[in-house]
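K.L.:
Next up is a structure, given as C-alpha cells.
Residue numbers (my numbering), protein chains in the order written: chain A, 181 to 614; chain B, 181 to 614.
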C-alpha cells in the first residue's frame, strides 16, 4: 500500500470523530485531506478543487475506521516498567513501597534508556498519539526521555518532577533552590519539534512552599503549562490540610501558589474527592480534571464525579496514570471511565447519568487534544479544518459481528475489544508512524 | 518443538498453581507429569521412577510460566456475537433491547453455526480451558453448540435455556410442558466426552412455578447440575418478590423449587445484592456464587460482596458473563474482580480487605475447576496428583520488566497485561489444543 512520503495526502475510509460531547460526526467511505500536517476537513466525495491536485496521493483504507489519535493527559514514564505489579496498597503507601523505589533507579541514565525504550515501543504500537508525562527528578534522564520521544514522532509534554520534601533521600532534591536551578538547567536544553516542557511539582506534600513560589516564577518567566495531582485519596487530602493550614482547600493551595489555571494552562490528575468548592474553583479557573479511572480503582481511591465536572463546565480529559493504571491505551481508559461511572449510581445512590461512549470519545480526543492547543503546540483530536492531523486507521474485521452494524457501533466495539493488532496505520501531525 | 501425541508426557517450566485461597505453590524450572490426562504431581527434579520411563517425552518450556487452565463458570454463548455493544442500559431493559433480540436469531441453526464458530475460535485462542454456558431455548442450536464444543477439545457444561413467561414471543416456550419435553428431547441427544448438560432455568422471572417444579423432577431423574441467576439487580429482586409472594427471598424461592444446592450442584450467577439471610442459605446449601465483575459494572448492577462470601464459606468462582461482560478471558475477570473489590471500601465505607492476586487465581482455577468435579466430570484447576490436566504455557518475555521479578509477580503481570499472543500452549485433560 502507498504511504505518504510528505505531509500532504488524502485518506479514504469510514471516518468517525466527535462534534460535541454528545454527538459523533460519521462519514462512511469518505475522505480526509491532510495538508502540511493539518486537516483540511472531511468530505463524503472529493471536491473538484482537491481532485485537480493530482500530486495528492489518496490512500485507500476502505472498510477501515479512521478516527482521531487518542490523548493521554496523565502518565508517569518511569513507572511503565512496573505496571501490573504491586497493586495491593493505597496511594501513599504505594508511593513509598513501589513508585519511589523504582523512580530512584532513573539516576542511572543507562537504566532509563532501557526502560524508556520499552515504554516508547509500547506507545508507538498503541492508539495514543499525544501524551503528557511525569518523568523523574533527574535532569539527565528527563532530557533523555524527551530526546527519545522526539525521535519517536509522538507529540508530548514532559515534566522534570520537583520534590524537596517528604520523599526518600534518593529522590529528594536538596533544597528548593537546588530544585529550581535543576529545572532551569533542564529547561535550557529543551529544543524540540514535538516535545515541550511542562512544569511538574509532584504534589503539595512533596513540594515546600518556597519551591512552589519559585516554580510560579519559572512558570511566568517561561510561560509554561503546569501539571500536578489533586484530591486523589482521602488520606492525602488530610495530609495536605495539615501541611497547608492557612489554605481553604487543596486546589486553593495551588491557586495561592499561582499554579492553578487562569492564564496558566493546568492539568490536575484525579480530583476523585474534589468537593463543591473545589469544583467551582476549577470551573472558574478552567483547570483540567484528568480522569484516571483505572488508577483510581487500583489504588482504592474511588470514582471521580466526572458527570459533575462536565455539568460545571470543567474541561476534562483522560489519563492512563501508568503505573497506578496498568494499561497505557486510552481506549482502555475510555472503557474504564464508562464502566466506573456506572457504579456511582448503585453504590452511592446518586442520580447521575453514566458516561456514554460519545462522551468518553470526546474526552479522549477533542477535549484532551485541546490542552495541547492551550499549551502552545496546536490542538489535535478532531478532523475539522485546522486541527493538527493525528489519526488512527483501524482494521476491525476480526471484531465484526455476524450482522450489520453502524460506524458508531463499530467504534464502541473497538473501544472494548480491539488491541494494537487492529491499528493498521497511525498518523501524528500528518506524519505516518507505521 | 516436540508436542505430545498421546496424553502421557512431562512439561518443564516455571510452574505456579494455587494451594489455598492465600498461598501459591511455585516451582522454578520444575516438572509436571501428565499420565492418562491427569496430573501426577509437580517435581523440582524428576524422580528416578519417572526418569526410567523413557517413553515419556519431556517438553521443554523453560523460562515460560506453566499454570492451570482457567475456568469460566458463567457465560452466554449466543451473546458472544454482540459483546462490546449496547452497554447503555441496566439489566432488565438490556435483556429486552439487546439480549433477547439476539438470542431469537438462534432459531436459525445456520446463524448459530456462524456465530458459535467465532465464539469457539475466541475460546481456543484464550486462557480458559473450561466453560459453563447458557445456550438459548432452541434445542437444535443447543445441540449444535455442544457438537462444536466437543470437537474443540474444551471441557464444558452447556444448558438449553428454559423460559415460559416474561420474554418475547419469539423466545417464549409455549408452556411448561412444552419446555420440559424439549428439555428431555435435548437431554436424550447428549452423548459427549467433554461436554455435559446442565439444567438452565434462565431466572425466576422467566420460569413459571410449574416449569420450575418440572425441572426439579428432571434434575432428580437425570442427576443434573443446575445454573441460574440470583440477586443481580435491585429491580430484578423486587420483581421476583412480586412473582413469588410466598417465598422469603430470591434464593429461598429456588430452594422451594428444589433447585438450590444440597445434593444439587448449583451455580448462581452474580449475587450482587444477596443479603445476610441469602448468604447464610448459600453457605448451608454450598451453592456457588459466580462472580461476574465486569458484567455487574457494565449493567450498573453493583459490586458483589465476595469477601463476605469467602468468609461465610460459600464456594465462589468467576464468570465472564459475556455479553454483560465484553471479555471472555478469565484473566480479565481476575483483574476486574480485584479492581472492583477495591472500590467497596472507598464507596461503601465497609472495612473489607480487597481480593488479592492469590485469591483471584484460586477462584479462577481450583475453585472454578472443583465445580466440574461436583458435576461428575473430574476436577481441574490444580497440578496436585489426580487433578485433570488443564494447563497453560505462557511466554511472558514481552512483558518482562527491566529487573528481576519472582514467579508470583510474573503471574500478576500476566493477569493484567497478557493477551492471547502470550499463550504458547494449552492443554485440556492432557490433550494439546495448540
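Glycine included, every Cβ here is placed at the ideal spot set by N, Cα and C.
1) In chain order, what residues of the same chain have a beta carbon less than 8 Å from the beta carbon of residue 604 of chain B, not counting five sequence neighbours either side?
2) Apart from the five residues on each side of it in sequence, which residues of its chain come closer than 8 Å, Cβ to Cβ, to residue 301 of chain A?
3) Give a yes or no on whether the C-beta atoms belonging to residue 441 of chain A and residue 467 of chain A are separated by under 8 Å.
4) State the Cα-Cα distance for the pair residue 503 of chain B and residue 471 of chain A, rounded to the nearest angstrom.
5) Identify whether residue 184 of chain A lies in helix, strand or coil by the three-state DSSP scheme.
6) Using 8 Å as the threshold, is the stretch 472-488 of chain B in touch with the stretch 518-532 of chain B, meaning 3 or more CB pairs across them?
7) Output yes if chain B places a C-beta closer than 8 Å to the C-beta of residue 481 of chain A; else output no.
8) By the criterion of Cβ-Cβ separation under 8 Å, what are the contact partners of residue 267 of chain B in chain C?
9) Return the first residue and the last residue of the alpha helix (DSSP H) that residue 189 of chain B is part of.
10) Going along the stretch 460-492 of chain B in order, which residues come within less than 9 Å of chain A, judged by CB to CB distance?
11) Please list, in chain order, the chain B residues whose beta carbon lies closer than 9 Å to that of residue 252 of chain A.
12) Kindly indicate if chain A contains any beta-carbon less than 8 Å away from that of residue 259 of chain B.
13) What beta strand (DSSP E) runs, 3 residues minimum, are completely inside the stretch 516-584 of chain A?
14) Using beta-carbon positions only, say whether residue 565 of chain A and residue 221 of chain A come within less than 8 Å of one another.
15) Look at the alpha carbon of residue 206 of chain B and the alpha carbon of residue 587 of chain B, and state the distance between them as a whole number of angstroms.
16) Say whether the stretch 352-371 of chain A touches the stretch 396-414 of chain A, bearing in mind that this needs 3 or more beta-carbon pairs closer than 8 Å, one atom from each stretch.
17) What residue does the beta strand (DSSP E) around residue 208 of chain A start on, and which one ends it?
18) Closer than 6 Å by C-beta to residue 295 of chain B: which residues in its own chain qualify, once you throw out the five before and the five after it? Chain order, please.
19) Can you pull the chain B residues whose beta carbon is under 9 Å from the beta carbon of residue 666 of chain A, in chain order?
20) In or out: residue 283 of chain A buried (at least 16 other Cβ within 10 Å) or exposed?
21) Rounded to the nearest angstrom, what separates residue 454 of chain A and residue 274 of chain A at their Cα positions?
22) I'd like to know if residue 264 of chain B contacts chain A, where contact means its C-beta is closer than 8 Å to some C-beta of that chain.
23) Here's a check: name, in chain order, each residue in its chain whose Cβ is nearer than 6 Å to the Cβ of residue 539 of chain B, leaving out the five neighbours to either side.
24) Under the criterion of a Cβ to heavy atom distance below 7 Å, does residue 408 of chain A qualify as lining the ligand COA?
25) Determine which residues of the stretch 344-366 of chain A have a Cβ less than 9 Å from any Cβ of chain B, and write them out in chain order.
26) Cα-Cα, which of B:197, B:199, B:198, B:217 is closest to residue 190 of chain B?
27) Would residue 589 of chain A pass as an interface residue toward chain B - the criterion being a Cβ-Cβ separation below 8 Å?
28) Could you name the residues of chain B that residue 295 of chain A contacts, counting a contact when the two beta carbons are closer than 7 Å?
29) Give me the DSSP bridge partner(s) of residue 314 of chain A.
30) With a threshold of 8 Å, are at least 3 pairs of Cβ atoms found where one atom belongs to the stretch 536-555 of chain A and the other to the stretch 492-499 of chain A?
31) Could you tell me the alpha carbon to alpha carbon distance between residue 183 of chain A and residue 239 of chain A, rounded to whole angstroms?
32) Indicate the three-state DSSP secondary structure (helix, strand or coil) for residue 467 of chain B in the structure shown.
33) Do the CB positions of residue 310 of chain B and residue 489 of chain B come within less than 8 Å of each other?
34) DSSP puts residue 243 of chain B in a beta bridge; with which residues?
35) For residue 497 of chain B, which residues does DSSP report across the bridge?
36) Under 8 Å between beta-carbons, which chain B residues line up against residue 291 of chain A? List them in chain order, please.
P.N.:
Inspection of the coordinates gives the following:
1) The residue labelled residue 604 of chain B in the question sits at position 424 within the second chain. So the qualifying residues of the chain are 241, 244, 573, 574, 575, 614.
2) As a first step, residue 301 of chain A must be located in the first chain, where it is residue number 121. Counting only Cβ-Cβ distances below 8 Å, and skipping sequence neighbours, we find nothing.
3) Sequence index remark: in the first chain, residue 441 of chain A carries index 261 (1-based). Sequence index remark: in the first chain, residue 467 of chain A carries index 287 (1-based). Yes, these two residues count as a Cβ contact at 8 Å.
4) Locating residue 503 of chain B in the second chain gives position 323, counting from the first residue. Locating residue 471 of chain A in the first chain gives position 291, counting from the first residue. Answer to the nearest angstrom: the Cα atoms are 26 Å apart.
5) Within the first chain, the letter at position 4 stands for residue 184 of chain A. The pLDDT assigned to residue 184 of chain A is 47, lower than 50, so where the model puts this residue is not dependable, and the model offers no usable value.
6) yes
7) Looking up residue 481 of chain A in the first chain gives position 301. Yes, its Cβ sits closer than 8 Å to a Cβ of chain B.
8) Going by chain labels, chain C is absent from the structure shown, which instead holds the protein chains A and B.
9) Along the second chain, read from residue 1 onward, the residue named residue 189 of chain B stands at position 9. Looking at the DSSP string, residue 189 of chain B is not in any alpha helix (DSSP H); the run it does join, the beta strand (DSSP E), is 189-198.
10) 474, 476, 477, 478, 479, 480, 481, 482, 483
11) Locating residue 252 of chain A in the first chain gives position 72, where the first residue counts as 1. Residues of chain B passing the Cβ test: none, with the nearest at roughly 17 Å.
12) Counting from one through the second chain, the residue named residue 259 of chain B turns up at place 79. Taking Cβ atoms only, chain A never reaches closer than 8 Å to residue 259 of chain B, which makes this a no.
13) 571-574
14) What you label residue 565 of chain A is simply residue 385 of the first chain in a count that begins at 1. What you label residue 221 of chain A is simply residue 41 of the first chain in a count that begins at 1. Their beta carbons are under 8 Å apart, which means residue 565 of chain A touches residue 221 of chain A by this criterion.
15) Position 26 of the second chain, counted from the first residue, corresponds to residue 206 of chain B. Position 407 of the second chain, counted from the first residue, corresponds to residue 587 of chain B. Rounded to the nearest angstrom, the two C-alpha atoms are 7 Å apart.
16) yes
17) Reading the first chain from its first residue, position 28 is the one you call residue 208 of chain A. That run of the beta strand (DSSP E) goes 204-215.
18) In the second chain, counting from the first residue as 1, residue 295 of chain B sits at position 115. So the list reads 261, once near-sequence residues are dropped.
19) Nothing can be reported for residue 666 of chain A: it is not among the residues displayed for chain A, which extend from 181 to 614.
20) In the first chain, the residue the question calls residue 283 of chain A occupies position 103. Classification for residue 283 of chain A: buried.
21) Counting from one through the first chain, the residue named residue 454 of chain A turns up at place 274. Counting from one through the first chain, the residue named residue 274 of chain A turns up at place 94. Roughly 21 Å separates the two Cα atoms.
22) Numbered from 1 along the second chain, position 84 holds the residue referred to as residue 264 of chain B. For residue 264 of chain B, the answer is yes, since a Cβ of chain A falls inside 8 Å of its Cβ.
23) Along the second chain, one-based indexing puts residue 539 of chain B at 359. Here the set comprises 201.
24) Absence of the ligand COA from the depicted structure is noted, as is the absence of any ligand whatsoever, leaving it without description.
25) none
26) Numbered from 1 along the second chain, position 10 holds the residue referred to as residue 190 of chain B. Ranking the options by Cα distance to residue 190 of chain B, first place goes to B:217.
27) One-based indexing of the first chain puts residue 589 of chain A at position 409. For residue 589 of chain A, the answer is yes, since a Cβ of chain B falls inside 8 Å of its Cβ.
28) Your numbering for residue 295 of chain A matches position 115 in the first chain. What residue 295 of chain A touches in chain B: 582.
29) On the first chain, position 134 is the one that residue 314 of chain A refers to. Paired residue(s): A:256, A:339.
30) yes
31) For this step, residue 183 of chain A is matched to residue 3 along the first chain. For this step, residue 239 of chain A is matched to residue 59 along the first chain. Caution applies to residue 183 of chain A, whose pLDDT of 48 falls short of 50 and renders its modelled position unreliable; the value that the coordinates give is listed next. Rounded to whole angstroms, residue 183 of chain A to residue 239 of chain A spans 7 Å at the Cα level.
32) Residue 467 of chain B sits at position 287 when you count from the first residue of the second chain. DSSP places residue 467 of chain B in coil when its eight states are reduced to three.
33) Taking the second chain and counting its residues from 1, one reaches residue 310 of chain B at position 130. Taking the second chain and counting its residues from 1, one reaches residue 489 of chain B at position 309. For residue 310 of chain B and residue 489 of chain B, no; Cβs fall outside 8 Å.
34) Your numbering for residue 243 of chain B matches position 63 in the second chain. Residue 243 of chain B pairs with nothing; no bridge assigned.
35) Against the second chain, residue 497 of chain B aligns to sequence position 317. Beta-bridge pairing links residue 497 of chain B to B:470.
36) Residue mapping note: residue 291 of chain A aligns to position 111 of the first chain, counting from 1. Under the 8 Å cutoff, chain B gives 582.
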